[in-house]
Each structure stands twice: as structure tokens, then as C-alpha cells.
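Read the structure below first, then the notes.
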Amino acid sequence: MRKKNILVTGSHRSGSTWLGKVITSSSDYVYVDEPFNIGKNHKSSPFKNQFEYLPGKSVAFQNKAKKYLNSFNSLFANTTFDKLIYIKSRKDIRKFLSEVKSRTTRGYVYKDPLALMSAEWIYKNYGWDIVVLIRHPAAFVASLKVKNWQFYFKYFSEQEMLINTHLQAYSKTITEYTNNRPDILKQGILLWNILYSMVCYLQEKYKEEWYFVKHEDLSLQPMEEFEKLYNFLKIEMDDRVKDYILETTSSKEQTLLKRDSKKNISSWKNRLSLQEIQEIKEGTKEVWKHFYSDEDW
Numbered sequence: 001m002r003k004k005n006i007l008v009t010g011s012h013r014s015g016s017t018w019l020g021k022v023i024t025s026s027s028d029y030v031y032v033d034e035p036f037n038i039g040k041n042h043k044s045s046p047f048k049n050q051f052e053y054l055p056g057k058s059v060a061f062q063n064k065a066k067k068y069l070n071s072f073n074s075l076f077a078n079t080t081f082d083k084l085i086y087i088k089s090r091k092d093i094r095k096f097l098s099e100v101k102s103r104t105t106r107g108y109v110y111k112d113p114l115a116l117m118s119a120e121w122i123y124k125n126y127g128w129d130i131v132v133l134i135r136h137p138a139a140f141v142a143s144l145k146v147k148n149w150q151f152y153f154k155y156f157s158e159q160e161m162l163i164n165t166h167l168q169a170y171s172k173t174i175t176e177y178t179n180n181r182p183d184i185l186k187q188g189i190l191l192w193n194i195l196y197s198m199v200c201y202l203q204e205k206y207k208e209e210w211y212f213v214k215h216e217d218l219s220l221q222p223m224e225e226f227e228k229l230y231n232f233l234k235i236e237m238d239d240r241v242k243d244y245i246l247e248t249t250s251s252k253e254q255t256l257l258k259r260d261s262k263k264n265i266s267s268w269k270n271r272l273s274l275q276e277i278q279e280i281k282e283g284t285k286e287v288w289k290h291f292y293s294d295e296d297w
């Protein structure tokens with residue numbers, strides 16, 4: 001019997017890659033990397049915007065999206081059969097056949113922060129387990145600042161149904177930033193508000209059915225917090241998973257997946273000035289108060 005698929009979402013820069021890799025460190029799951037990300041150039045992707053809002057699309061478009069998403073966990077997925085060209089020996093044949101067979105039993109972890117706006121659609125259409133990551137606004141903005149990750153707000157302004165349904169409070173600023181993009185700090189403040197106002201809506205509606213977890217909690221007590229997550233998902237936290245968690249949370253290296261997770265929590269305090277921190281705190285207050293307290297600043 002095939003394992004249940006899992007969507008790991010939230011904002012980008014929230015630890016979704018790490019969480020997805022932890023789950024797929026077990027041989028029971030396959031990692032699927034950001035099918036909603038238009039920058040990945042996935043084959044047959046119907047998406048035109050980052051953070052595509054599928055409930056606002058036509059039935060025909062939604063059917064295309066289903067076909068596309070299904071292709072990643074199909075027995076005949078391109079990612080599997082592309083490997084045919086590398087078969088050189090009987091050992092390669094056995095490995096290939098083993099992978100094809102495993103597709104009938106393994107679950108798929110769709111790691112995709114860009115699927116956040118369509119997470120409810122995915123849940124209603126597929127019934128997957130949904131895990132949503134929450135990250136402190138200052139940590140999120142500091143991460144964008146360090147990476148200089150600019151954002152095109154046209155991805156929201158071009159989605160009228162998304163604006164009308166969930167983002168009315170930000171519509172004027174979205175239009176303003178679409179026409180005249182501000183500095184990275186102001187971009188990050190608006191983006192965090194947009195994404196986590198959606199998380200507020202989803203948490204209120206699905207707090208019993210979905211799993212919501214703060215990046216800071218996972219980083220402070222990774223073993224304990226992952227154990228809670230695994231219990232919720234009803235999957236086994238084997239030694240391979242535990243070793244991977246230790247490897248990626250206690251390293252002195254600073255790479256995408258290896259770091260001292262406890263030190264990483266407060267790194268934003270060294271990346272932002274006091275003035276910047278205050279601007280972020282004030283600019284996101286109406287949303288962060290649902291997840292954090294003044295002590296978290």
C-alpha cells in the first residue's frame with residue numbers, strides 16, 4: 001500500500017527544504033522539489049505566476065494542474081524513465097526496476113512554499129497531509145536581505161480572484177509595489193504579511209487536520225519537535241531519520257542544510273539594524289501577534 005503524500009509549505013526561507021529532506025531521509029518517501037515554482041522550468045507546468053491560486057482558475061486549467069501534479073508520482077514519471085539512458089549494466093537494470101517498483105509503495109513529499117495559496121485546493125482535491133511552516137518576520141526579511149531576493153508583486157496583482165478572496169487588505173500596496181518596487185525591507189514586510197495572513201486563515205480553518213509548526217521550535221528542540229510531527233503524520237521516525245536530524249542541526253558548517261540550528265534562530269539580530277528590526281516589527285504586527293509575542297523580538 002502506498003504511503004500518503006505530504007505537502008510541506010509555508011513561506012520561502014522558512015526551512016521547508018530542511019523539513020522535506022528530513023522526511024525523505026527515510027526510504028519510504030520521495031522528494032519532489034517545488035512543482036509550483038515557475039523558475040524551475042518543470043516539464044508541462046501550466047503555471048504562469050509564483051504562488052498560483054488554483055481556486056481562481058478555470059476548471060480546464062485546474063485539470064491541467066492535476067495532470068501536471070500527478071506526473072511527479074506516476075509510475076511512469078519522467079524523472080524515473082529519464083534514467084533509462086544511463087543504464088549500462090545488469091546492476092543498473094536491477095536498480096531501475098527497483099525504483100519503478102518502489103513507486104507503488106513510497107509516498108511523495110512535495111516541498112513547495114510556492115504552493116501555499118493553493119494548499120487548501122490540494123487538500124480538497126487530494127487529501128494529502130499538509131505541513132505548514134511559520135517563520136519569524138525579522139528572520140524572513142533578514143534572509144531575503146542577505147540573499148537579495150527581489151519579488152515581483154505582479155504575481156499577486158495578476159491574480160484577481162486571489163486579491164478579492166484573501167488579499168483585499170493589501171491590494172492597494174500590492175498595486176503600488178507592482179508599479180514601483182521598493183527596497184528589500186518593505187518588500188519583505190508586505191510579502192510576509194501576505195503569506196502569513198493566508199496561514200492565519202488556513203490555521204483557523206484546519207488547525208485539527210493540518211500540522212502547523214514554527215521554524216524556531218524545530219530549531220530549538222529538533223528531535224522532540226520532529227517526533228511530534230512524525231506522530232501526527234503516523235510515520236516511523238527510524239534511526240536514519242534521527243541521524244539526519246542530528247547531522248543537519250549540530251554542524252559547525254553553514255550550508256543550505258547543515259548548520260547550528262539554535263544559533264541560526266537569532267542570526268537575524270546580527271543581519272538587521274535596530275531601526276530595521278523596529279520597522280519590521282511595526283509593519284507586520286497585525287499578523288505576527290497570531291504566532292509570536294513581544295518576547296520573541
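With the UniProt record's numbering as the guide, the letters of the sequence shown map in order to residues 1 to 297. Every residue gets a Cβ at the ideal spot worked out from N, C-alpha and C, and that includes glycine. From a predicted model like this one, the values you see are computed outputs, not experimental measurements.
Query raised in the report: Terminal residues of the continuous beta strand (DSSP E) containing F212?
Result: Run containing F212: 211-214, per the beta strand (DSSP E) assignment.
Query raised in the report: Out of G20, E279, T175, E160, which has the shortest C-alpha to C-alpha gap to D129?
Result: Residue G20 is the option with its Cα nearest to D129.
Query raised in the report: With burial defined as no fewer than 16 other Cβ atoms inside 10 Å of the residue's Cβ, what is the status of L274: buried or exposed?
Result: Here L274 is exposed, its C-beta having fewer than 16 other C-beta atoms within 10 Å.
Query - Three-way DSSP call (helix, strand, coil) for T9 in this model - result: Of the three classes helix, strand and coil, the one that applies to T9 here is strand, per DSSP.
Report task. Give the secondary structure of K111 by DSSP, where H, G and I count as helix, E and B as strand, and everything else as coil. Result -> The three-state reading of DSSP puts K111 in strand, counting E and B together.
Requested in this report: Taking only beta-carbon positions, decide if N180 is within less than 8 Å of chain B.
Outcome: The displayed structure is made up of one protein chain only, and chain B is not part of it.
Query - Cα-Cα separation, R135 to R90 - result: Spanning the two alpha carbons is a distance of roughly 47 Å.
Query raised in the report: So I174 is in the beta strand (DSSP E); what residue range does that whole segment cover?
Result: Element bounds for I174: not the beta strand (DSSP E) but the alpha helix (DSSP H), 171-179.
Query raised in the report: With a cut-off of 8 Å, do at least 3 Cβ pairs link the stretch 148-167 to the stretch 210-220?
Result: The stretch 148-167, when compared against the stretch 210-220, does not touch it at the 8 Å Cβ threshold.
Report task. Using only alpha-carbon positions, find the residue among E209, T248, N231, Y170 that is nearest to L220. Result -> Per the Cα distances, T248.
Requested in this report: Kindly identify the DSSP beta-bridge partner or partners of Y31.
Outcome: Beta-bridge pairing links Y31 to V109.
**Report entry** Neighbour-count burial assignment, E209, 16 or more Cβ in a 10 Å radius
**Finding:** Burial call: exposed.
Report task. Tell me, to the nearest whole angstrom, how far the beta carbon of V109 is from that of Y31; I am working on the premise that it is less than 8 Å. Result -> Between the beta-carbon of V109 and that of Y31 there is about 6 Å, and that keeps the pair under the 8 Å contact cut.
Report task. Return helix, strand or coil for I87, following the three-state DSSP convention. Result -> Residue state, collapsed to three classes: coil.
Report task. For D238, collect the residues of the same chain with a Cβ closer than 8 Å to its Cβ; drop the 5 residues on either side in sequence, then sort them by chain order. Result -> If we look at D238 and ignore the five residues flanking it on each side, its Cβ neighbours are S26.
Query - Residue range of the alpha helix (DSSP H) that includes I163 - result: DSSP places I163 in the uninterrupted alpha helix (DSSP H) bounded by 160-166.
Query raised in the report: Can you give the Cα-Cα distance for I38 and S45, rounded to whole angstroms?
Result: Rounded to the nearest whole angstrom, the C-alpha separation of I38 and S45 is 8 Å.
Report task. Leaving aside the five residues before and after E158 along the sequence, list all residues of the same chain whose C-beta is less than 7 Å from its C-beta, in chain order. Result -> If we look at E158 and ignore the five residues flanking it on each side, its Cβ neighbours are N49.
Query raised in the report: When you compare only the Cα positions, how much space is there between F212 and A60?
Result: Computed Cα separation, rounded: 31 Å.
Query raised in the report: Looking at C-alpha atoms only, which residue of P182, V131, H290 is the closest neighbour of W18?
Result: W18 has its Cα closest to that of V131, out of P182, V131, H290.
**Report entry** Beta-carbon separation (whole angstroms), L69 vs P113, contact threshold 8 Å
**Finding:** Rounded, the Cβ-Cβ distance is 16 Å, inconsistent with contact.
Requested in this report: Please go through the same chain and pick out, in chain order, the residues whose beta-carbon is closer than 7 Å to the beta-carbon of T175, but skip the five residues on each side of it.
Outcome: Once the five neighbours on either side are set aside, the close Cβ partners of T175 are S157.
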